[in-house]
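Everything in the sequence shown is counted per my numbering, starting at 7 for the first residue and increasing by one.
Beta carbons: idealized from backbone N, C-alpha and C, even for Gly.
Quantities reported herein were computed from a predicted structural model and do not represent experimental measurements.
I have placed the structure first, in the form of structure tokens, so that the comments after it can refer back to it.
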Amino acid sequence: MTLARAIATLFGVGQLKPAPGTWGSAAALALGVAIDHLLGFPALALATLAVIPLGYWAVARTVAGAADKDPSEIVIDEVAGQWIALLFPAAAFWVRGMEYWALSAWPGWVAPFLFFRLFDIWKPGPVGWADRKGTAGATMTDDLWAGLFAGLATVAAAGLWHGVMGR
């Protein structure tokens, strides 16, 4: 296995069946929460910024010459998108000085996971537009959009739950 393929498949997580994208998202969530919990929000933000270009590189190398530019075993795009979604609650808790939010505020990491899977599967607006391009770059881009939408949906849901409903 080449380095690019190892990265693109998250060291084989993308080979898990069924639903490799969901497995990749779950692994990304666990890794992202661990990074945030052990190293803090700045480390999660830096890891997210690092995984995006790394993902573009790994996907391009892995699918070079292949007809299918988005094979199901490629899940580094899920890592990038899931971490973008996770940045939203992680940032909110970090600003409030809640270092160990992942242990007590489980909806803060469950919501971005569920919203990310929703937007990644549903593919509304720019998510679908990027996905339909059918290029190696689009393999990453649609998940970046899905992550952004999931993060915003998480903030909206938290605002509704904690603000409007007063919980």
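- Taking all protein chains in view, the Cβ of Thr54 is crowded by 16 or more other Cβ atoms within 10 Å, so the residue is classified as buried.
- Around the beta carbon of Gln88, a 10 Å sphere encloses 16 or more other beta carbons of the protein chains shown; the residue is thus reported as buried.
- Nearest to Tyr62 by C-alpha distance, out of Ala10, Pro132, Ala117 and Trp115, is Ala10.
- Secondary structure at Ile82: helix, using DSSP grouped into helix, strand and coil.
- When the beta-carbon positions are compared, Val161 and Phe94 come within less than 7 Å of each other.
- Pro24 is classed as exposed because its beta carbon has fewer than 16 other beta carbons within 10 Å across all chains shown.
- Taking 7 Å as the cut-off, the beta carbon of Ala144 is found closer than this to the beta carbon of Ala136.
- Straight-line measurement puts the Cα of Gly172 at about 32 Å from the Cα of Asp149.
- A direct Cα-Cα distance of roughly 12 Å separates Glu84 from Gly38.
- Counting only runs that start and end inside the segment 7-34, the alpha helix (DSSP H) elements of at least 4 residues fall at 9-14.
- Val101 counts as exposed, since fewer than 16 other beta carbons sit within 10 angstroms of its beta carbon.
- Judged by DSSP secondary structure, Ala144 falls within the alpha helix (DSSP H) whose first and last residues are Ala142 to Ala164.
- For Phe155, the closest of Arg123, Gln21, Trp115 and Thr68 by C-alpha to C-alpha distance is Arg123.
- Along the segment 30-117, the beta strand (DSSP E) does not occur as any fully enclosed run of 3 or more residues.
- By the neighbour-count definition (other C-beta atoms within 10 Å, threshold 16), Ala49 is an exposed residue.
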